[in-house]
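Peer 1:
Numbering (the numbering used here), first residue to last: 1443 to 1582.
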């Protein structure tokens, strides 16, 4: 997700089901990545884990998974915004055999009783052997 768009902080406890949309428990899915127990093996897995981090308000993970040349001083986890669903629309490269990859996604949210979505093409690269978010282009 780009740094130009406001992101929410979820105030509830750790979810049972992973926010990334895969049919798995949070602790067994993105939670492992957030806790540093496993690295993302693909750009899409990193994208999903970053979405989950935005959904639960894990700023530390977001900053750790951001490329140092584009990383902001802090993640914008604005209050009052709640991420509710992630759609992966497409991927290019980004496998265990690549050094770059893109993920096109639409992230749905609610804010002040209204619904909306963020559509982005995110770029990921390997930095020191680990997938990191480089930047993204948002679409309206």
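Don't be surprised by glycine CBs; every beta carbon is placed ideally from N, CA and C. Values in this document were obtained by computation on a predicted structure and should not be read as measured data.
So what's residue 1550 in DSSP terms, helix, strand or just coil?
Peer 2: Taken through DSSP and simplified to helix, strand or coil, residue 1550 comes out as strand.
Peer 1: Three or more C-beta pairs under 8 Å: does that hold for the region 1508–1522 against the region 1457–1475?
Peer 2: no
Peer 1: Are the beta-carbon atoms of residue 1505 and residue 1463 separated by less than 7 Å?
Peer 2: no
Peer 1: On a Cα-Cα basis, can you pick out the residue from 1563, 1490 and 1548 that is closest to residue 1404?
Peer 2: In this structure the chain extends from 1443 to 1582, so residue 1404 is not present and cannot be described.
Peer 1: Would the region 1493–1507 count as touching the region 1465–1476 if we require 3 or more Cβ pairs under 8 Å?
Peer 2: yes
Peer 1: Can you tell me where the alpha helix (DSSP H) with residue 1486 in it begins and where it stops?
Peer 2: 1485–1498
Peer 1: Can you give me the Cβ contacts of residue 1571 inside the same chain, cut-off strictly under 6 Å, excluding the 5 residues immediately before and after it?
Peer 2: none
Peer 1: Closest to residue 1516 by C-alpha separation, out of 1576, 1503 and 1566, would be which residue?
Peer 2: 1503
Peer 1: Please report the distance separating the alpha-carbon of residue 1531 from that of residue 1549.
Peer 2: It is roughly 10 Å from the alpha-carbon of residue 1531 to the alpha-carbon of residue 1549.
Peer 1: Under the three-state reduction of DSSP, which class applies to residue 1570: helix, strand or coil?
Peer 2: Correct three-state label for residue 1570: coil.
Peer 1: Determine the closest residue to residue 1523 out of 1468, 1581, 1576 and 1560, with distance taken between C-alpha atoms.
Peer 2: 1560
Peer 1: Alpha carbon to alpha carbon, what distance is there between residue 1556 and residue 1482?
Peer 2: 33 Å
Peer 1: Specify the secondary structure class of residue 1464 as computed by DSSP and reduced to three states.
Peer 2: coil
Peer 1: Might you give, ordered along the chain, the residues of its own chain that have their beta carbon closer than 6 Å to the beta carbon of residue 1543, omitting 5 neighbours on each side?
Peer 2: 1485, 1535, 1536 and 1566
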